[in-house]
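All you need for the numbering used here is the position in the sequence shown, starting with 1, plus 7.
The C-beta atom is built at its ideal place from N, Cα and C for all residues, glycine as well.
The model shown is predicted, which means the values in this text are computed figures rather than measured ones.
Okay, so here's the structure we're looking at.
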Amino acid sequence: MTQRQHGTLYLVPVSLGTSPLERTLPSAAAETIRGLRHFVVENPKAARAELKRIAHPTPLRELSIEALPNQPDVRALEALLAPALAGNDLGLMSDAGVPAVADPGALLVREAHRLGLRVVPLVGPSSLLLGLMASGLDGQRFAFHGYLPVKDNERAAAIRALEAESRHKHQTQLFIETPYRNAQMFQTLLATAAPGTRLCVARGLTTAEEWVQTHRIDAWKRRPAPALERIPTVFLLLAD
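Encoded structure:
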């Protein structure tokens, strides 16, 4: 008897907002997602909304949608990958953007590799790469740092450290903030970074609120502050 082959783990991109489907998801990727019946997701409610948006042909109640724990152990990861081990294709979805990049899922992907599963990333929106593309900053050398500290003094110290690293390595620094603290982050950047440091603010990428501008800090100080409250934003910094 021929041994049943394993399924594939597909890394499923999710829209960054309410932009038209055809703007952010290639038709081939959408068709692959519509063919999946098993999913591991960051948030089941958000995943169902996205699957409905892409017109998944199977009734949502008939799909297998399992939530990814915050800190899964090996046993939990193996259980989540069981459909793929049994020969079924499986999709991994985060709440927005692409899985495992500034979003959960890397541990599941790592376990899939350990178990010998094929891993296929589908093309879709990544706010980090879109922001870098639109920034005009160095796209050859860059680093993503996730969230900076919340406390004012610690946030300012982190910005100074990233600025020093950027200057030393000639490297673009990318970071994000919880949307309701975006305005505080922006003001701390203006108060902390050197006048000649270039700052890109990439807001609401691929959505109706999309807005991307890059200026030196001294030029930002002469401009009205952008409206950033509650809108996902990527900050990019490059020091001379």
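Whose CA, out of the options, lies closest to the CA of residue i?
{"i": "residue 228", "options": "31, 79, 211 and 204", "result": "204"}
{"i": "residue 146", "options": "155, 243, 232 and 94", "result": "243"}
{"i": "residue 175", "options": "48, 247, 38 and 225", "result": "247"}
{"i": "residue 23", "options": "233, 17 and 212", "result": "212"}
{"i": "residue 235", "options": "199, 194 and 245", "result": "194"}
{"i": "residue 36", "options": "105, 191, 124 and 157", "result": "105"}
{"i": "residue 199", "options": "110, 169 and 154", "result": "169"}
{"i": "residue 157", "options": "135, 78 and 186", "result": "186"}
{"i": "residue 206", "options": "178, 117 and 188", "result": "178"}
{"i": "residue 201", "options": "25, 78 and 226", "result": "226"}
Residue i and residue j: beta carbons closer than 8 Å?
{"i": "residue 273", "j": "residue 112", "result": "Within the shown structure, residues of the chain are numbered from 8 to 247, placing residue 273 beyond reach of any answer."}
{"i": "residue 214", "j": "residue 127", "result": "no"}
{"i": "residue 45", "j": "residue 95", "result": "yes"}
{"i": "residue 72", "j": "residue 28", "result": "no"}
{"i": "residue 108", "j": "residue 142", "result": "no"}
{"i": "residue 129", "j": "residue 17", "result": "yes"}
{"i": "residue 238", "j": "residue 210", "result": "yes"}
{"i": "residue 88", "j": "residue 32", "result": "no"}
{"i": "residue 50", "j": "residue 102", "result": "yes"}
{"i": "residue 69", "j": "residue 118", "result": "no"}
{"i": "residue 67", "j": "residue 55", "result": "yes"}
{"i": "residue 155", "j": "residue 148", "result": "no"}
Classify residue i: buried if its beta carbon has 16 or more other beta carbons within 10 angstroms, exposed otherwise.
{"i": "residue 219", "result": "buried"}
{"i": "residue 90", "result": "buried"}
{"i": "residue 231", "result": "exposed"}
{"i": "residue 138", "result": "buried"}
{"i": "residue 189", "result": "buried"}
{"i": "residue 13", "result": "buried"}
With H, G and I counted as helix, E and B as strand and the rest as coil, what does DSSP make of residue i?
{"i": "residue 61", "result": "coil"}
{"i": "residue 117", "result": "helix"}
{"i": "residue 222", "result": "strand"}
{"i": "residue 210", "result": "strand"}
{"i": "residue 124", "result": "coil"}
{"i": "residue 137", "result": "helix"}
{"i": "residue 71", "result": "strand"}
{"i": "residue 144", "result": "coil"}
{"i": "residue 81", "result": "helix"}
{"i": "residue 265", "result": "Residue 265 cannot be examined here, being either before or after the span of the chain that is shown, 8 to 247."}
{"i": "residue 238", "result": "coil"}
{"i": "residue 175", "result": "helix"}
{"i": "residue 12", "result": "coil"}
{"i": "residue 196", "result": "helix"}
{"i": "residue 150", "result": "strand"}
{"i": "residue 245", "result": "strand"}
{"i": "residue 215", "result": "coil"}
Practice item. Enumerate, from N- to C-terminal direction, the unbroken alpha helix (DSSP H) stretches of 4 or more residues contained entirely within the region 84 to 115. Key: Counting only runs of 4 or more, we get 89 to 92.
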